[in-house]
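Novice: Note that our numbering has the sequence shown beginning at 155, numbered continuously upward.
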Amino acid sequence: MPKDKTIYVCDYCGQESVRWVGKCPACGRWNTMKEMTIRAERPVAAATKAALKAAGQTDERRARPVAVGEIRADEEPRMDMHDDELNRVLGGGLVPGSLVLLGGEPGIGKSTLVLQTVLNLPDRRVLYVSGEESARQIKLRADRLGLKPGASLYILCETSLEQIFLQIEEMQPDLVVIDSIQTIQTEGVESSPGSLTQIRECAAALLKYAKGGGVSILLIGHINKEGTLAGPKVLEHIVDTVLQFEGDQHYLYRILRSIKNRFGSTSELGIYEMRHSGLRQVSNPSELLLTEGRDGLSGVSIACAIEGVRPFLIETQALVSTAAYGTAQRSTTGFDGRRLNMLLAVLEKRVGFKLAQKDVFLNIAGGLRVTDPAIDLSVMAAVLSSNGDMPIETDVCMAGEVGLSGEIRPVARIEQRIAEAQKLGFSRMLLPAHNMQGINPRNYTIELVPVRRVVEAVRELFG
């Protein structure tokens, strides 16, 4: 008779091992190997049978090979979520039969985002499964968000996966929300809810139902203290889309990013503003990321960045002061600290500014985290402005990547950046000289200033 097998799985990368090791051989992290029991008979047999039955399948049904020429490659139909930001991040809407995982810190607004979204789907039957809150708590939040009388939303407070499948089979919803996957458990696994085995097997059963029944399932997941999604890494491999909802609770803004998306781009970005009545979509992020009344302030510059396909202008703030304790500090918020060190080295080597004995603090206003290299020029300008206490004109913005030799390298989608700066009323824009090829300055009312090196940019900004 076959026996149960015990393996150890890294909860960071999903690497499996037949014995426990202190350091994961795949990702190199310590103390991440967790014990998992694989039963000889599938531990989620009951849940899998319920999923197959609900999806209209039988155990005897088998897949067969299909020639690639016979496969239809039509555009996937999309479910309009009536949320432009969410639709953009999903790649145009929610694909039927997809499994989506939404993660974020506690209290950041994951449940609020999902609840206000499903409340705006009156033409869809939605089953909201909650394992953390009571039906009364959800109703109070729905009233605060503005519950519509015709909303086809049904609340189920249940943690048993088998019971959830029975309710799904009876109701036949268009969308199922699981809040959260860490609270769901199946009878075939003896471990407690939230364990690696429970999360892995419950997600696999939900995936089988979603693919077989053509019903979209949205999972809400917690994150651990390292900032990654809790549970085994294979959970992210199972689902079709992984969304990260992030932001600082002390700021009003929330960022929705796509980490993985089988049906769209992973470079899209959605921005929301947290209010008492819920989350407001921010169609023009520049209106929130630019501060009014910057006249006469040094250490502030405006950069035109792009996340996904949308350009927006952000405020880069820098503070340079003499090191008080002998060792200079380098601190960044919303920007890569290693890239800041590289830019400071370029300033010292290529431009001649000595900053080795000075503290440098850099902040991207609004709590936004930006990875676009086109803001390099703005970071340098803010540092130099603070170092010399020389304000930059408020109607000037810039975009350009800085190389190690001090050259200003070209950036992508320069036309969109120029159009966004012109729309917001800026009169002058510094950009790489190489990007001027194929651009007619007469087509724009904003003055375009091409620069080839950092020295030229410094001369244009500070004279």
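All C-beta atoms, glycine included, are put in the ideal place defined by N, C-alpha and C.
Are there three or more Cβ pairs, one per stretch, closer than 8 Å when the region 509-526 is compared with the region 486-494?
Specialist: The answer is yes - the region 486-494 touches the region 509-526, with three or more Cβ pairs under 8 Å.
Novice: Suppose the cutoff is 6 Å on Cβ atoms and the five residues either side in sequence are ignored; what does the same chain contact list for Thr-186 look like?
Specialist: Against the sequence shown, residue 186 aligns to sequence position 32. Here the set comprises Cys-164, Asp-165, Tyr-166, Cys-178.
Novice: Rounded to a whole number of angstroms, what is the C-alpha to C-alpha distance between Arg-613 and Ile-409?
Specialist: Counting from one through the sequence shown, the residue named residue 613 turns up at place 459. Counting from one through the sequence shown, the residue named residue 409 turns up at place 255. So the alpha carbons of these two residues sit roughly 36 Å apart.
Novice: Short of 7 Å in beta carbon distance, which residues of its chain neighbour Pro-545, apart from the five on each side in sequence? Order them along the chain.
Specialist: Taking the first residue of the sequence shown as position 1, residue 545 is located at position 391. If we look at Pro-545 and ignore the five residues flanking it on each side, its Cβ neighbours are Gly-450, Leu-451, Ser-452, Ser-539.
Novice: Within 10 angstroms of its Cβ, does Cys-181 collect 16 or more other Cβ (buried), or is it exposed?
Specialist: The count along the sequence shown starts at 1 and reaches residue 181 at position 27. Cys-181 should be labelled exposed.
Novice: Measure the beta-carbon distance from Val-609 to Gly-560 and round it to whole angstroms, keeping in mind my assumption that it falls under 8 Å.
Specialist: Walking along the sequence shown from the start, residue 609 turns up at place 455. Walking along the sequence shown from the start, residue 560 turns up at place 406. Going by Cβ atoms, the distance from Val-609 to Gly-560 rounds to 7 Å, so yes, they are a contact pair.
Novice: Would you check if the distance between the CB atom of Met-552 and the CB atom of Leu-578 is smaller than 8 Å?
Specialist: On the sequence shown, position 398 is the one that residue 552 refers to. On the sequence shown, position 424 is the one that residue 578 refers to. Taking 8 Å as the Cβ cut-off, Met-552 and Leu-578 do not qualify as a contacting pair.
Novice: Going residue by residue through the region 304-378, where are the continuous beta strand (DSSP E) segments of at least 3 residues, counting only ones entirely within it?
Specialist: Correct list: 307-311, 329-333, 370-375.
Novice: For the putative contact between Leu-497 and Ile-468, defined by C-beta atoms under 8 Å, what is the C-beta separation to the nearest angstrom?
Specialist: Against the sequence shown, residue 497 aligns to sequence position 343. Against the sequence shown, residue 468 aligns to sequence position 314. About 16 Å; that fails the 8 Å criterion.
Novice: Could you check the C-alpha separation between Thr-266 and Met-325 for me, to the nearest Å?
Specialist: For the purposes of this step, residue 266 is taken as the residue at position 112 of the sequence shown. For the purposes of this step, residue 325 is taken as the residue at position 171 of the sequence shown. Distance between the alpha carbons of Thr-266 and Met-325: 24 Å.
Novice: Please go through the region 435-513 and give each complete alpha helix (DSSP H) segment of 4 or more residues, from N-terminal end onward.
Specialist: You should have 440-443, 491-500.
Novice: Are Leu-361 and Ile-332 close, meaning C-beta to C-beta below 8 Å?
Specialist: The sequence position of residue 361 within the sequence shown is 207, counting from 1. The sequence position of residue 332 within the sequence shown is 178, counting from 1. In this structure, Ile-332 does not lie closer than 8 Å to Leu-361 by Cβ.
Novice: Return the bridge partner residues of Trp-184 from the DSSP annotation.
Specialist: Here the question's residue 184 lines up with position 30 in the sequence shown. Lys-177, per the DSSP bridge assignment.
Novice: So the candidates are Val-565, Gln-321, Lys-414; which of them puts its Cα closest to the Cα of Glu-422?
Specialist: Within the sequence shown, residue 422 is the residue found at index 268, counting from 1. When only C-alpha atoms are compared, the closest one is Lys-414.
Novice: Please specify which runs of the beta strand (DSSP E), each continuous and at least 3 residues long, are wholly inside the region 209-281, giving them in chain order.
Specialist: Fully enclosed beta strand (DSSP E) runs of 3 or longer: 253-258.
Novice: Note down, in chain order, each residue of its chain lying with its Cβ closer than 7 Å to the Cβ of Leu-307, except the 5 sequence neighbours on either side.
Specialist: Taking the first residue of the sequence shown as position 1, residue 307 is located at position 153. If we look at Leu-307 and ignore the five residues flanking it on each side, its Cβ neighbours are Val-272, Leu-273, Val-280, Tyr-282.
Novice: Which same chain residues, not among the five before or five after Gln-352, have their C-beta less than 6 Å away from its C-beta?
Specialist: For the purposes of this step, residue 352 is taken as residue 198 along the sequence shown, with counting starting at 1. The residues are Gln-339, Val-343, Ser-345.
Novice: Compute the beta-carbon to beta-carbon distance between Ser-431 and Gly-300, rounded to the nearest angstrom, for a pair I have assumed lies under 8 Å.
Specialist: For the purposes of this step, residue 431 is taken as residue 277 along the sequence shown, with counting starting at 1. For the purposes of this step, residue 300 is taken as residue 146 along the sequence shown, with counting starting at 1. Sure, about 7 Å apart at Cβ, within 8 Å.
Novice: How big is the Cα-Cα spacing for Glu-287 and Asp-277?
Specialist: Along the sequence shown, one-based indexing puts residue 287 at 133. Along the sequence shown, one-based indexing puts residue 277 at 123. So the alpha carbons of these two residues sit roughly 25 Å apart.
Novice: Rank Ala-573, Glu-224, Ala-536 by C-alpha distance to the C-alpha of Ser-440 and give the top, closest one.
Specialist: Within the sequence shown, numbered from 1, the residue matching residue 440 stands at position 286. The candidate whose alpha carbon is nearest that of Ser-440 is Ala-573.
Novice: Based on DSSP bridge pairs, tell me the residues matched to Thr-160.
Specialist: Translated into positions along the sequence shown, residue 160 becomes position 6. Partner(s): Thr-191.
Novice: Taking the C-alpha atoms as reference points, what is the distance between Arg-582 and Asp-328?
Specialist: Translated into the one-based positions of the sequence shown, residue 582 becomes position 428. Translated into the one-based positions of the sequence shown, residue 328 becomes position 174. So the two alpha carbons sit approximately 51 Å from each other.
Novice: So what's Ser-559 in DSSP terms, helix, strand or just coil?
Specialist: Numbered from its first residue, the sequence shown carries residue 559 at position 405. Here Ser-559 sits in coil by DSSP.
Novice: Take the Cβ of Ser-370 as the centre, count every other Cβ of all protein chains shown within 10 Å, and call the residue buried at 16 or more, exposed below.
Specialist: Here the question's residue 370 lines up with position 216 in the sequence shown. Per the 10 Å Cβ criterion, buried.
Novice: Around the C-beta of Phe-616, are 16 or more other C-beta atoms found within 10 angstroms, so that it is buried, or is it exposed?
Specialist: Residue numbering aside, residue 616 sits at position 462 when the sequence shown is read from its first letter. Exposed.
Novice: When you compare each of Ala-575, Gly-557, Leu-558 to Thr-548 by their alpha carbons, which one comes out closest?
Specialist: Within the sequence shown, residue 548 is the residue found at index 394, counting from 1. Closest by alpha carbon: Ala-575.
Novice: Sort out for me which residues DSSP pairs Gln-576 with in a bridge.
Specialist: Walking along the sequence shown from the start, residue 576 turns up at place 422. BP columns for Gln-576 are empty, so no partner.
Novice: What separation, rounded to the nearest whole angstrom, lies between the Cα atoms of Tyr-598 and Ile-322?
Specialist: Here residue 598 refers to the residue found at position 444 of the sequence shown. Here residue 322 refers to the residue found at position 168 of the sequence shown. Each residue's Cα considered, the two are about 56 Å apart.
Novice: Let me know the secondary structure DSSP gives Ile-546 once reduced to three states.
Specialist: Taking the first residue of the sequence shown as 1, we reach residue 546 at position 392. Three-state result, Ile-546: coil.
Novice: Please classify Gly-521: does DSSP put it in a helix, a strand, or coil?
Specialist: Position 367 of the sequence shown holds residue 521. Residue state, collapsed to three classes: helix.
Novice: Check each candidate in Phe-399, Val-603, Glu-355, Pro-564 and name the one with the smallest Cα separation from Leu-240.
Specialist: As a first step, residue 240 is located in the sequence shown; it is residue number 86 there, counting from the start. If we check each option's Cα against that of Leu-240, Phe-399 comes out closest.
Novice: Straight-line CA distance for Lys-503 to Cys-458?
Specialist: In the sequence shown, the residue the question calls residue 503 occupies position 349. In the sequence shown, the residue the question calls residue 458 occupies position 304. If you take the alpha carbons of Lys-503 and Cys-458, they lie about 26 Å apart.
Novice: Measuring only the C-alpha atoms, how far is Gly-251 from Ile-425?
Specialist: What you label residue 251 is simply residue 97 of the sequence shown in a count that begins at 1. What you label residue 425 is simply residue 271 of the sequence shown in a count that begins at 1. When rounded, the distance between both Cα atoms is 26 Å.
Novice: What does DSSP give as the partner residue(s) for Gly-424 in the beta ladder?
Specialist: On the sequence shown, position 270 is the one that residue 424 refers to. Its beta-bridge partners are Leu-410.
Novice: Leaving aside the five residues before and after Val-254 along the sequence, list all residues of the same chain whose C-beta is less than 6 Å from its C-beta, in chain order.
Specialist: Taking the sequence shown and counting its residues from 1, one reaches residue 254 at position 100. Closer than 6 Å at the Cβ level, and outside the excluded window around Val-254, lie Leu-372, Thr-395.
Novice: Please check the pair Val-537 and Leu-501, which I expect to be a contact at CB under 8 Å, by giving their CB distance rounded to whole angstroms.
Specialist: On the sequence shown, residue 537 is found 383 positions in, with the first residue counted as 1. On the sequence shown, residue 501 is found 347 positions in, with the first residue counted as 1. 7 Å between Cβ atoms; contact.
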